[in-house]
Structures are given as C-alpha cells and as structure tokens.
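Participant:
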Amino acid sequence: MLDIKKTVIDDHEVYMEDEAYKKYPMAVMVVRNFLGEEAHTEYANMLQDIVWGISLYPAMIENIEMIRRKLFDGEEEKALKHVFAIKSQTFKLMDFYNHPLRELKKEIGERSFNAIIKESTFSLVNSFVEKYVSEEGLEIHYVKKNEAIYLFSYGEYQPGRYLLFLEGICHYMM
190 MLDIKKTVID DHEVYMEDEA YKKYPMAVMV VRNFLGEEAH TEYANMLQDI
240 VWGISLYPAM IENIEMIRRK LFDGEEEKAL KHVFAIKSQT FKLMDFYNHP
290 LRELKKEIGE RSFNAIIKES TFSLVNSFVE KYVSEEGLEI HYVKKNEAIY
340 LFSYGEYQPG RYLLFLEGIC HYMM
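Residues 190 to 363 in the working numbering are what the sequence shown lists, from first letter to last.
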C-alpha cells in the first residue's frame, strides 16, 4: 500500500491494468489463497479492486463544478475569432469543437464519465451517432487543459444565431 501511494499517487506513475496486476500481485494472491466461496469475500474483493483501481487513478475525477455561464451569443463567424477567458485559461472554439462529449468516455473511463453525466443536466440523444445535449439542445463538447476538463455546449440555436455556454469544469488526477 505504501508503494502504491508513492508510485501512483505521489510520483504520478501510470500503469495499464495488466501492468498493475504484474507490479502488485494482490489479486493473484486472492485467487491463489481464497478458493471457492472465500474468493468472493469482502476482503478478497477489496484486494482485487485496489489493483484494478491503480490503472484508473490517473483519470479519477476529484470534483465537478457544474457552473453554467453564457460565453457567446451571435454569428458563428464572430465565435470562430473570439478568445474566451475562463479561470486564467484561454480557449477558442476550435479547441473543443471537434471533441464531442462521447469521446471523453474513451479517455477517462466509464466510471469517471458516468460521474460527470450524473452531476450534469445533459441529455443523451441516440441517433446514428450518440451525442449529449444541453437544455437548449446544443451539443456538449470538452477540452482537457491543466488537470481539468472544461465542458461546453455550442450550436445554432436559431437560424444564424449561435450560442456557446460553459457548462462545467471537472478536476481530475493526472
């Protein structure tokens, strides 16, 4: 446990799931020493989950701020040129435009992704391509910057009128 704290938490070493099982064979110990019904005891499950969790730690969400704020309302041409400042960070529309929210699940894993969805008011639209939308029906996009995930909703709200909102900021471990 001390080595896990030092390497994974303090030194930010990243292990894939199979690497974690090789470096920390606690789950192997469970399989070898807990047979039959004992393999499903609380202690056995805890040891397996610890090793499995090592590979998930870098993408673990620490806190989620769902702070909705309108950033733009107008013609798309102007939105493309605009620079948005959020908590000492700057963004352009193209920073997140090609990053729909569904892609984030591949980067941070299902557990962290579900935590974000649970805290949000986003709706899932299952059409040909899965997408998440805001209250206004604007598609949700994201950008990762400095140990944070910034969530934006953007799209054409009325003919020729585009809206952009900051939907929230999620802080995670790197």
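For every residue, glycine included, the Cβ atom is placed at its ideal position computed from N, Cα and C. Here the structure is a predicted model, which is why all the values come from computation and not from measurement.
Sorted by chain position, which residues of the same chain lie with C-beta nearer than 7 Å to LYS334's C-beta, five sequence neighbours on each side aside?
Facilitator: In the sequence shown, residue 334 corresponds to position 145, counting from 1. GLN278.
Participant: Per DSSP, LYS320 forms a beta bridge with which residues?
Facilitator: Locating residue 320 in the sequence shown gives position 131, where the first residue counts as 1. Its beta-bridge partners are VAL314.
Participant: How many Å lie between MET283 and ALA268 at the Cα?
Facilitator: Here residue 283 refers to the residue found at position 94 when the sequence shown is read from its first residue. Here residue 268 refers to the residue found at position 79 when the sequence shown is read from its first residue. Approximately 10 Å between the Cα atoms of the pair.
Participant: Could you spell out where the alpha helix (DSSP H) holding GLU208 opens and where it closes?
Facilitator: If you number the sequence shown from 1, residue 208 lands on position 19. From DSSP, the alpha helix (DSSP H) with GLU208 extends over 206-212.
Participant: How would you label GLY263, buried or exposed, when you count the other beta carbons within 10 angstroms and need 16 or more for buried?
Facilitator: Start at 1 with the first residue of the sequence shown, and residue 263 comes out as number 74. Flag for GLY263 reads exposed.
Participant: Going by the beta-carbon positions, is the gap between HIS288 and VAL332 smaller than 9 Å?
Facilitator: Position 99 of the sequence shown, counting from 1, holds the residue named residue 288. Position 143 of the sequence shown, counting from 1, holds the residue named residue 332. Contact flag set, yes.
Participant: Taking C-alpha atoms, which residue in HIS271, SER309, LEU313 and VAL322 lies nearest to ILE358?
Facilitator: Here residue 358 refers to the residue found at position 169 of the sequence shown. Considering only alpha carbons, the answer is SER309.
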